[in-house]
Amino acid sequence: MAITIIENACVFDGFHDELSEGQGLLIEDGIIQEVSNQPIKSQSDIRINAKGGVVMPGLIDAHVHVTDSGTSPDELLDKPASLTALIASRNLKDMLHRGFTTVRDACGADFGLAAAIDQGLIASPRLFFVGRALSPTGGHGDFRKPGDDSPQNPCNCSERGLSQVVDGETEVRRAARNELRKGAHAVKIMASGGVASPTDPIANLQFSETEIRAVVEEAEFWGRYVMAHAYTVDAIKRCLEFGVRSIEHGNLIDFETAKLANDLNAFVVPTLVVYEAAHERGAEIGFPNYSIDKLKDVRNAGLRSLEHLKAAGTKTGFGTDLFGDLQSEQLRELTIRAEVDSNVDVLRSATSINAELLGMEGKLGCIKAGAFADLLVIDGNPLEDLTLLQKEGQHITHIMKAGVVCGGHLS
Numbered sequence: 001m002a003i004t005i006i007e008n009a010c011v012f013d014g015f016h017d018e019l020s021e022g023q024g025l026l027i028e029d030g031i032i033q034e035v036s037n038q039p040i041k042s043q044s045d046i047r048i049n050a051k052g053g054v055v056m057p058g059l060i061d062a063h064v065h066v067t068d069s070g071t072s073p074d075e076l077l078d079k080p081a082s083l084t085a086l087i088a089s090r091n092l093k094d095m096l097h098r099g100f101t102t103v104r105d106a107c108g109a110d111f112g113l114a115a116a117i118d119q120g121l122i123a124s125p126r127l128f129f130v131g132r133a134l135s136p137t138g139g140h141g142d143f144r145k146p147g148d149d150s151p152q153n154p155c156n157c158s159e160r161g162l163s164q165v166v167d168g169e170t171e172v173r174r175a176a177r178n179e180l181r182k183g184a185h186a187v188k189i190m191a192s193g194g195v196a197s198p199t200d201p202i203a204n205l206q207f208s209e210t211e212i213r214a215v216v217e218e219a220e221f222w223g224r225y226v227m228a229h230a231y232t233v234d235a236i237k238r239c240l241e242f243g244v245r246s247i248e249h250g251n252l253i254d255f256e257t258a259k260l261a262n263d264l265n266a267f268v269v270p271t272l273v274v275y276e277a278a279h280e281r282g283a284e285i286g287f288p289n290y291s292i293d294k295l296k297d298v299r300n301a302g303l304r305s306l307e308h309l310k311a312a313g314t315k316t317g318f319g320t321d322l323f324g325d326l327q328s329e330q331l332r333e334l335t336i337r338a339e340v341d342s343n344v345d346v347l348r349s350a351t352s353i354n355a356e357l358l359g360m361e362g363k364l365g366c367i368k369a370g371a372f373a374d375l376l377v378i379d380g381n382p383l384e385d386l387t388l389l390q391k392e393g394q395h396i397t398h399i400m401k402a403g404v405v406c407g408g409h410l411s
């Protein structure tokens, strides 16, 4: 593989508050081999002059839905798999070109999509996937309307696009094992009501203690973890006490529960941009009325949840949860977070903290020797101005994944 040298860079390493100026990077075989404030003495095939701009880790989004192309679950269910795959390919390419070099799909993506990426068939960030989420009957992953009496399949394990309906310890174990068999990096469960589902109130608690502990045990058998859709204090607290490692959304969390997450070394992944975007454009793009009605319950609490997480010192990841035409607003999450958190804390969430969540600390989300060469070159300082990462990429000169330049306006 080509040897690349980046010179004249100010480095944000994914951890520290301050930039390291006058740095050079040696990249070979997709790995950062050296970071130095001295001239790098090596032959190179490619030389990039950062001209005093910032080199930082590629962004990581820990909550995306790359196969989700519509405004309601019904739209996804009505699409053939071949069309869904092509839509996912487009979504992944767009994410890469926004500067996201790694994403965790929070249900929908699968082994086949990951294999296509690994084989170079799709221009894409690195993909971590969970397969289909697990939901109880009437839960956030059960998209049947109240008047729909259609039966589930004989094993009580109805699979519909993003999720599967499972009830009882035996069925949740079987479903978890099957997703892990198919390569899932984690298992996702629905632990509270949600906005997009038609029948469950936000405050609804989902799955019993026995069921949740069973999924956690199965994930741990594989060296994996459980992520849980959970909004309310009760839902979050149950999940944490039963062994869940990653809480998704968490809008209605309080300080005590945020502190519990910190004490248990768990992560919370807020996804605030989806509520703002759906509030502003939901009616325009056909978001169901039942979802619009439930949206306000969680939207208005979003920034308050960040304040609790910050005060408790909770490991706070970076996610977006966008769908359909709202996917283009992915980078807006940065500036929404900055209403509460410092710019550097926002960037840490989207780099080193998310890398730790994925079990990839030291490999992703950082600039250091031995890390994957997934990085951005920016003609400015995002620690001072996060909008440099927005503005349709006009300030991102190079996007690199595994040592290969794959985007940026000077690529």
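Residue numbers for the sequence shown follow the UniProt record's numbering, so the first one is 1 and each next one is one higher.
Built from N, CA and C at the ideal position, the CB exists for glycine as well.
Taking the Cα positions, Glu307 is about 11 Å away from Ala338.
Taking 8 Å as the cut-off, the beta carbon of Ala235 is found no closer than this to the beta carbon of Val226. Judged by their CB atoms, Val103 and Asp61 are nearer to each other than the 8 Å cut-off. By the CB criterion at 8 Å, Val269 and Ile253 fall outside the cutoff. The beta carbon of Asn354 sits closer than 7 Å to those of Ile60, Ala62, Gly317, Phe318, Gly365, all from its chain and outside the five residues before and after it, given in chain order.
For Val187 and Arg238, the gap between their C-alpha atoms comes out near 17 Å. Positions of the beta strand (DSSP E) runs, each at least 3 residues long and wholly inside the stretch 44 to 99, are given as 46 to 49, 54 to 57, 59 to 64 in order along the chain. Residue pairing of Ala230 in beta bridges, as defined by DSSP: His249. Val195 is positioned such that its CB atom lies closer than 8 Å to that of Val298. Annotation: Ile378 to Lys296 spans about 36 Å, alpha carbon to alpha carbon. Counting only runs of at least 3 residues, the stretch 178 to 233 fully encloses the following beta strand (DSSP E) elements, listed from N- to C-terminal order: 187 to 190, 226 to 230. In terms of Cα proximity to Ile6, the closest of Asp13, Ser20, Ile40, Phe12 is Ile40.
Val130 sits in coil when the DSSP states are folded into three classes, being neither helix nor strand. Rounded to the nearest angstrom, the gap between the Cα atoms of Thr314 and Phe242 is 18 Å. Rounded to the nearest whole angstrom, the CA to CA distance from Lys368 to Phe287 is 43 Å. Comparing alpha-carbon positions, the option among Asn204, Gln390, Arg177 lying closest to Thr137 turns out to be Asn204.
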